[in-house]
Amino acid sequence: MQNFDPAGKQVIASTEFSDTYAGPNGTKISSVSATPINVQDAAAPDATDGWAPIQTDLQTTGVWSWLGQGGAKVDQHPLHPQFSQYADDANVLQLAKNANTIGFTLQGASHSVLERDLAPSSDTKNHLEYKNVFGGTDLVYDVTTAGVNELLRLNSKPDTAPVWRWQVNAPGLTAVKDADGGITFSDAAGATAFSIPAPTMWDSAGTDKKADAAAAAG
4 MQNFDPAGKQ VIASTEFSDT YAGPNGTKIS SVSATPINVQ DAAAPDATDG
54 WAPIQTDLQT TGVWSWLGQG GAKVDQHPLH PQFSQYADDA NVLQLAKNAN
104 TIGFTLQGAS HSVLERDLAP SSDTKNHLEY KNVFGGTDLV YDVTTAGVNE
154 LLRLNSKPDT APVWRWQVNA PGLTAVKDAD GGITFSDAAG ATAFSIPAPT
204 MWDSAGTDKK ADAAAAAG
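Residues in the sequence shown are numbered consecutively from 4, following the working numbering.
Listed below in structure tokens is the structure:
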């Protein structure tokens with residue numbers, strides 16, 4: 004149906020990839036997405052058929068969370084991402100899906116504290132940073148409906164090619180490098196539990212006509 008605006012309309016049925024709305028004159032109108040838009044969470048106040056809209060806004064965790072200090076997490080998300088308060092913590096990022104978990108520890112990182120915009124009016128509530136995890140290098144995360152984007156941001160040209168190493172904790176999972184350079188973590192039955200795309204890098208300096216030119220980083 005043309006010109007249908009779902010804003011404020013009642014959702015009468017949901018799946019992982021779709022929402023169905025009550026339309027005019029007893030009609031039903033479905034909106035279907037190519038990527039997940041809902042997560043199974045029957046306890047969520049906005050759940051329909053046991054499915055609730057995926058959230059990306061971060062919540063503070065820890066004993067001092069009422070002061071805005073601590074780690075961060077997103078519960079109503081397919082990967083349930085959790086971020087530690089400091090960049091040198093074990094499992095600075097941890098994900099969970101079904102009965103599987105995976106954690107990432109950045110080896111040699113400094114004791115950088117998690118930073119994010121806590122203003123109620125912020126339009127970057129899904130964004131956090133750890134500044135200077137290495138000299139002139141920031142660790143940046145953005146939670147999206149499809150997953151978690153990770154970025155190591157260099158604030159100036161390094162003197163030598165940097166090397167970063169992650170320790171991965173994925174109990175019960177097997178990691179295999181894909182043909183395109185990504186990594187797939189599978190469970191004992193061979194089902195995919197988590198996947199990491201091949202890393203890319205780009206130059207945002209705006210020099211030599213190379214600004215934002217992506218390149219694979221094997």
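Positions of the beta carbon are idealized from the N, C-alpha and C atoms, including for glycine.
query                                                                                                                                                                      : result
Closer than 6 angstroms by C-beta to Ser33: which residues in its own chain qualify, once you throw out the five before and the five after it? Chain order, please.        : Ser21 and Thr23
How should Asp162 be labelled, buried or exposed, when 16 other C-beta atoms within 10 angstroms of its C-beta is the threshold for buried?                                : exposed
From Gly193 to Asn101, what distance separates their C-alpha atoms?                                                                                                        : 15 angstroms
Nearest-angstrom Cα distance between Asp120 and Tyr133?                                                                                                                    : 13 angstroms
Across which residues does DSSP place Asp22 in a beta bridge pair?                                                                                                         : Ser17 and Ser34
Indicate whether Gly139 and Leu157 have their beta-carbon atoms separated by less than 8 angstroms.                                                                        : yes
What does a CB cutoff of less than 6 angstroms around Gly74 pick up in its chain, not counting 5 residues either side in sequence?                                         : Thr64, Gly65, Phe86, Ser87 and Gln88
Straight-line CA distance for Lys76 to Asp60?                                                                                                                              : 8 angstroms
Report the start-end ranges of each alpha helix (DSSP H) in the stretch 131-188 that is 4 residues or longer and not cut off at the edges.                                 : none
Drop a sphere of 10 angstroms on the beta-carbon of Asp78, count the other beta-carbons inside from all chains shown, and report buried for 16 or more, exposed for fewer. : exposed
Can you name, in chain order, every residue of its own chain whose Cβ lies under 8 angstroms from the Cβ of His114, other than the five neighbours on each side?           : Tyr89, Ala90 and Asp91
What number of angstroms, rounded off, separates the C-alpha of Pro81 from the C-alpha of Asp126?                                                                          : 22 angstroms
Please classify Ala46 as buried or exposed, where buried requires at least 16 neighbouring CB atoms within 10 angstroms.                                                   : exposed
So, are the CB atoms of Asn41 and Pro27 less than 8 angstroms apart?                                                                                                       : no
Assuming Phe188 and Ala201 are in contact, meaning their beta carbons sit under 8 angstroms apart, how far apart are those beta carbons, in whole angstroms?               : In fact, because the Cβ distance is near 15 angstroms, the residues do not count as touching under 8 angstroms.
With distance defined between alpha-carbon atoms, name the residue in Gln13, Asp49, Thr18 and Asn103 nearest to Thr30.                                                     : Gln13
Is Gly29 helix, strand or coil when you go by DSSP?                                                                                                                        : helix
Express the C-alpha separation of Pro39 and Gly53 in angstroms, rounding to a whole number.                                                                                : 14 angstroms
Bridge partners for Gln43 per DSSP, in chain order?                                                                                                                        : Trp54
Measuring CA to CA, which of Arg168, Gln170, Leu176 and Asn129 is closest to Asn152?                                                                                       : Asn129
Quick check: the Cα distance between Gly106 and Gly150, rounded to an integer number of angstroms?                                                                         : 14 angstroms
So what's Ser68 in DSSP terms, helix, strand or just coil?                                                                                                                 : helix
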